[in-house]
Amino acid sequence: MSPEHTRILFERYPRLLGDPQMMRMIECGDGWFDLIDRALAKIEAECPRLATDPNYKGDLPTIFRIREKYGTLRIDVARETEAIARMVAEAETESEGICEACGAPGQLSAPEQEWLYVRCPGHMGKGAYGGGGNTAGPTRGGPVIWFCGDVHGRFGHVVEALEVTSLPECPAAVIFLGDLEPQEPLTKIFRRFLDAGVEPYFIHGNHEPVNADVWQNTLDGWHRNIHGRVETIAGVRIAGLGGTFRRDIWFPDHADMCDPAPKYETYDAYVNQLWPKDSARNIMLARQYSTAIFPAVVEELSRQRADVLVTHEAPSDFENGFAVIDDLARSLGVETIFNGHHHKDLSSSGKGFKAFQVGLRGIRELSGGIIRLGEPE
Ligand SMILES: [Zn+2]
Ligand SMILES: [Zn+2]
Numbered sequence: 038m039s040p041e042h043t044r045i046l047f048e049r050y051p052r053l054l055g056d057p058q059m060m061r062m063i064e065c066g067d068g069w070f071d072l073i074d075r076a077l078a079k080i081e082a083e084c085p086r087l088a089t090d091p092n093y094k095g096d097l098p099t100i101f102r103i104r105e106k107y108g109t110l111r112i113d114v115a116r117e118t119e120a121i122a123r124m125v126a127e128a129e130t131e132s133e134g135i136c137e138a139c140g141a142p143g144q145l146s147a148p149e150q151e152w153l154y155v156r157c158p159g160h161m162g163k164g165a166y167g168g169g170g171n172t173a174g175p176t177r178g179g180p181v182i183w184f185c186g187d188v189h190g191r192f193g194h195v196v197e198a199l200e201v202t203s204l205p206e207c208p209a210a211v212i213f214l215g216d217l218e219p220q221e222p223l224t225k226i227f228r229r230f231l232d233a234g235v236e237p238y239f240i241h242g243n244h245e246p247v248n249a250d251v252w253q254n255t256l257d258g259w260h261r262n263i264h265g266r267v268e269t270i271a272g273v274r275i276a277g278l279g280g281t282f283r284r285d286i287w288f289p290d291h292a293d294m295c296d297p298a299p300k301y302e303t304y305d306a307y308v309n310q311l312w313p314k315d316s317a318r319n320i321m322l323a324r325q326y327s328t329a330i331f332p333a334v335v336e337e338l339s340r341q342r343a344d345v346l347v348t349h350e351a352p353s354d355f356e357n358g359f360a361v362i363d364d365l366a367r368s369l370g371v372e373t374i375f376n377g378h379h380h381k382d383l384s385s386s387g388k389g390f391k392a393f394q395v396g397l398r399g400i401r402e403l404s405g406g407i408i409r410l411g412e413p414e
């Protein structure tokens, strides 16, 4: 839900919803704002009665989560009474007929659909958050975002592609899918995009720590790394998971190759056992493994919601992919994954999301359309 609508609900129902910091966000589209507003008003009105009821003991009910699940609304109440459970059930049932994107009358997508959602005819097949949706072909009228495969030190092809693209196909943002290996400070490289009115973002791959200089150049633009978080870019919520699975840290899903149990939960846990800290070897290892994927990061990210997931590693649909990435995509509720790393152009669907692997210096746009094919190795 948009920050404005979220803020209104927190202002109207401070006792029920509590500290805005405690609830990351209301995890559904703006189309359900009125429905939620009405439900919370009813629940709140029930509470003064409870406060004077001699049979009611303990604290008054509060709400700890509001979200979309399996297509419809869920309101999770702590210390729920029977009457409140009925109000919640009514609101949840009502959500089956309200478009989550705009609030117009809608219906639940057919059960054979990969993804369940309630949409009006105009939003059927589209995301609730202004995302690319499930429509095929280039986005028409929606936000334009480019997803750039591994560039390994060269950015000229993206600048050239921008030069030959005119509005409205011109992207609002470009997102690099790792292995940037910047040969000069990243802020200097990104300045060219910002000057052209394009917001650059990235996730790291596994090649940025090749040497201290390239690493330093990468750290220079680190504030534009969306690894481990969800950033709203051009109105689309993009979750980032940079880096690769490493045998010494965590290498899930391939029990035939490596013990899938994590050896370290966090980067700190890994670095803390390196001793002495200042030996050349340990400094190198600390740099090297800062691009590994740690379980705690995936766990934390999986509790959020997003429209698109960008990763360096591949989901399991592709060769050398990982089911952990599929699970993350499903927890986030994304419609699309873009990944780099393997230097191949591939696409797939059928696991509840669309997956696009972007080739070496390849570029795809939000709905998966190819802007620039990957280069041969
Ligand atoms: Zn690469
Ligand atoms: Zn890579």
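Numbering (our numbering), first residue to last: 38 to 414. Using N, Cα and C, we set each Cβ at its ideal position, and we do this for glycine too.
Shortest Cα-Cα distance from Asp74 to any of Lys94, Pro91, Leu46, Gly95 involves Leu46. Taking a 10 Å sphere around the C-beta of Ser203, we find fewer than 16 other C-beta atoms and assign the residue as exposed. Counting the other CB atoms within 10 Å of its CB gives Leu72 a total of 16 or more, which places it among the buried residues. One residue list follows from the rule of a beta carbon closer than 5 Å to any heavy atom of ligand 1, given in chain order as Asp187, Asp216. Linking Val334 to Phe213 through their CA atoms gives a straight-line distance of about 20 Å. With three or more CB-CB distances shorter than 8 Å, the region 243 to 259 counts as touching the region 215 to 233. Lys300 and Ile362 have their C-alpha atoms spaced approximately 19 Å apart. Distance from the CA atom of Asp290 to the CA atom of Glu200, rounded to whole angstroms, is 42 Å.
When the five nearest sequence neighbours on each side are left out, the beta carbons in the same chain lying within less than 8 Å of the beta carbon of Leu87 are those of Tyr93, Leu97, Pro98, Thr118, in order along the chain. DSSP, reduced to helix, strand and coil, places Ala115 within a strand of the structure shown. The beta carbon of Val125 sits closer than 8 Å to the beta carbons of Ala76, Ile80, Ile112, Val114, Glu117 from its chain, once the five residues preceding and following it are set aside; these are given in chain order. Per the DSSP secondary-structure output, Leu403 pairs with nothing in a beta bridge. Per the Cβ contact rule, the region 357 to 372 is not in contact with the region 396 to 405 (fewer than 3 Cβ pairs under 8 Å).
The three-state reading of DSSP puts Ser386 in strand, counting E and B together.
DSSP lists Thr373, Ser386 as the beta-bridge partner residues of Lys391. Considered as a whole, the region 212 to 246 harbours 236 to 239 as its complete beta strand (DSSP E) runs of no fewer than 3 residues, in chain order. Collapsing the DSSP output to three states places Asn262 in a strand. Glu336: member of the alpha helix (DSSP H) spanning 332 to 339, first to last residue.
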